[in-house]
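Protein chains in written order, with my numbering: chain B, 26 to 240; chain A, 26 to 240.
There are 2 protein chains.
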Amino acid sequence: MDNIKTGAHGAGARKTNYHHGDLRAALLDAAEAELASKGIEAFSLRGVAKRAGVSHAAPAHHFNDAQGLLTALATIGFQRFVDTQEKRQRSAPREPRAQLAASGLGYVDFAMANPALFRLMFSSQKPDKKDPVLADASAAAFDKLVKDIQAIAHIDPHTDPVAMTDVMAAWAIVHGLADLLIAGRMAFLQSMNKPDREAVMTDIILRNCSSGPVG
Amino acid sequence: MDNIKTGAHGAGARKTNYHHGDLRAALLDAAEAELASKGIEAFSLRGVAKRAGVSHAAPAHHFNDAQGLLTALATIGFQRFVDTQEKRQRSAPREPRAQLAASGLGYVDFAMANPALFRLMFSSQKPDKKDPVLADASAAAFDKLVKDIQAIAHIDPHTDPVAMTDVMAAWAIVHGLADLLIAGRMAFLQSMNKPDREAVMTDIILRNCSSGPVG
DNA sequence: TTGCTATCCTGACAGTGACAAGATGACAGG
DNA sequence: CCTGTCATCTTGTCACTGTCAGGATAGCAA
Numbered sequence: 026m027d028n029i030k031t032g033a034h035g036a037g038a039r040k041t042n043y044h045h046g047d048l049r050a051a052l053l054d055a056a057e058a059e060l061a062s063k064g065i066e067a068f069s070l071r072g073v074a075k076r077a078g079v080s081h082a083a084p085a086h087h088f089n090d091a092q093g094l095l096t097a098l099a100t101i102g103f104q105r106f107v108d109t110q111e112k113r114q115r116s117a118p119r120e121p122r123a124q125l126a127a128s129g130l131g132y133v134d135f136a137m138a139n140p141a142l143f144r145l146m147f148s149s150q151k152p153d154k155k156d157p158v159l160a161d162a163s164a165a166a167f168d169k170l171v172k173d174i175q176a177i178a179h180i181d182p183h184t185d186p187v188a189m190t191d192v193m194a195a196w197a198i199v200h201g202l203a204d205l206l207i208a209g210r211m212a213f214l215q216s217m218n219k220p221d222r223e224a225v226m227t228d229i230i231l232r233n234c235s236s237g238p239v240g
Numbered sequence: 026m027d028n029i030k031t032g033a034h035g036a037g038a039r040k041t042n043y044h045h046g047d048l049r050a051a052l053l054d055a056a057e058a059e060l061a062s063k064g065i066e067a068f069s070l071r072g073v074a075k076r077a078g079v080s081h082a083a084p085a086h087h088f089n090d091a092q093g094l095l096t097a098l099a100t101i102g103f104q105r106f107v108d109t110q111e112k113r114q115r116s117a118p119r120e121p122r123a124q125l126a127a128s129g130l131g132y133v134d135f136a137m138a139n140p141a142l143f144r145l146m147f148s149s150q151k152p153d154k155k156d157p158v159l160a161d162a163s164a165a166a167f168d169k170l171v172k173d174i175q176a177i178a179h180i181d182p183h184t185d186p187v188a189m190t191d192v193m194a195a196w197a198i199v200h201g202l203a204d205l206l207i208a209g210r211m212a213f214l215q216s217m218n219k220p221d222r223e224a225v226m227t228d229i230i231l232r233n234c235s236s237g238p239v240g
């Protein structure tokens, strides 16, 4: 394991059908494509194998079963999830509240760009949440939110219930927005253009911070 | 259709295997039980038929296919969903903000009591959202939220963007809380006893109303 | 009694995930 | 160069799924 050659698989690496070269990474890519096109409820392990141009039983040698594959995919999802938020934050004012808003907009960005993957990460029972690698990745995403709030409240939410309540509120807001948007249930927001929508969402996110030096 | 004898099916109504008497309602009950025990991702139409003590092809005569059954079940879910919220509101102070909070707590109550059904209603692609009966039921649930906000803002959110923003915020908050709670991702809230948890959630819900006569 | 029809069953089909067993090729030791 | 070893991948099979076709049953009206 851990032989993920960082996406450099594919053309040039294999000559025959056997010993693909980097089938594990290819399967993860194929699984993501399968997830994006079929949705999580019509996801098929055999479809993934077909996408990777490999027999239906090949994935079992790299991931034990479908749960193993989806657990690995969810792990990658959480890493990219945090990346999307941080990328948003880098192009935002270096001010705690603006940073929190940017993180929240990144949260929604990720969900809208990868709705099925988002559902796999947050709403599905298929990934093994007790898998240590996945648990670490999702915990890292949560820790990031905690730190964003801490930067505003100047108190560690882990020790201050009021600050932790802010964390819960901020999380619930952005998660609710994301989940309802990808469900197509927020016509009011979806009918707006992106800048307006983000302005409204920023407003909604920031009204939730009860503590800290409110401007 | 429409021959739902309001749950009075079962013992006493049938004598042979044929002409169950109220198989449609029995199948809906069985489907809900199947959903609650297996979860939405392991839901099986044949399992529903087995629960109802009927052949695997019997459901097709009352609901065309699995989507038909799940659409009907989601419709019932939305009706009970609104009922749960209104029940909460009846035992709450007759004051707009308290009523909104009660509605939100009912929202979360329903999700925690029927997690798989909640997911079917909000996160699943299986029900046919274009089905007019289901669309009406889910629209009624949304209208209820709109009216709860209208009672606070004294403005119709349909004509006032600021009030509609309050609707989006309130919805996102309670939906995010509900979804994250049934996903088991809010350890902070789940570790609390029910009164404390509801106090925190009430606080979170009510800090979102920007408009109206704030006390 | 004779149809008629809604209701329910049996049987079959392709598709699914998981498992067993065989085929292939890379690679190390002689 | 040859041989054995082993991870990798394939083929074949199983039980299970949803859907469809066709047959069986019973209520009911004429």
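A virtual CB, placed ideally from N, CA and C, is assigned to each residue, including glycine.
Proximity of residue i and residue j at Cβ, strictly below 8 Å
i      : j      : result
B/T109 : B/P152 : no
B/A99  : B/L206 : no
A/S79  : A/A166 : Residue identity check: residue 79 of chain A is Val in the sequence provided, not Ser. Contact flag unset, no.
A/I229 : B/A197 : yes
A/L70  : A/L94  : yes
A/F103 : A/A162 : yes
B/K169 : B/A160 : no
A/I174 : A/P182 : yes
B/H87  : B/R49  : yes
A/H200 : B/G201 : yes
A/F18  : A/A91  : In the structure as shown, chain A starts at 26 and stops at 240, and residue 18 of chain A therefore has no counterpart that could be examined.
A/L214 : B/M146 : no
B/L231 : B/R122 : yes
A/A188 : A/A178 : yes
Collapsed DSSP secondary structure at residue i in the structure displayed
i      : result
A/P121 : helix
A/Q150 : coil
B/T184 : coil
B/M193 : helix
A/V225 : helix
B/M137 : helix
A/V107 : helix
A/G6   : Past the edges of chain A, shown from 26 to 240, lies residue 6 of chain A, and the structure says nothing about it.
A/S116 : coil
B/V199 : helix
A/R232 : coil
B/G46  : coil
B/S25  : There is no way to answer for residue 25 of chain B, as the model of chain B reaches only from 26 to 240.
B/H86  : helix
B/D156 : coil
A/G102 : helix
B/F68  : coil
B/K162 : A small correction: the amino acid at residue 162 of chain B is Ala; Lys does not occupy that position in the sequence shown. Of the three classes helix, strand and coil, the one that applies to B/A162 here is helix, per DSSP.
B/S62  : helix
A/A51  : helix
A/V171 : helix
A/G78  : coil
B/T31  : Low confidence applies to B/T31: its pLDDT is 27, below 50, so where it sits in the model is not reliable, and the reading given next is rough at best. Coil at B/T31, not helix or strand.
Cβ-based burial, residue i [other Cβ within 10 Å; buried from 16]
i      : result
A/S148 : buried
A/E59  : buried
A/G209 : exposed
A/H34  : Reliability fails at A/H34, whose pLDDT of 30 lies under 50, so the model's placement of it is uncertain and the value that follows must be treated cautiously. Per the 10 Å Cβ criterion, buried.
A/Q124 : buried
A/R115 : exposed
B/R119 : exposed
B/V158 : exposed
B/A224 : exposed
B/N233 : buried
A/T184 : exposed
A/A212 : exposed
A/H81  : exposed
B/A195 : buried
B/D191 : buried
A/A51  : buried
Whole-angstrom C-beta distance between residue j and residue i, which should lie under 8 Å
i     : j      : result
A/V5  : A/M226 : Any property of residue 5 of chain A remains undetermined from this structure, which presents chain A solely from 26 to 240.
B/R76 : B/A55  : 4 Å
B/E57 : A/Q150 : Incorrect: roughly 18 Å between the Cβ atoms, too far for contact.
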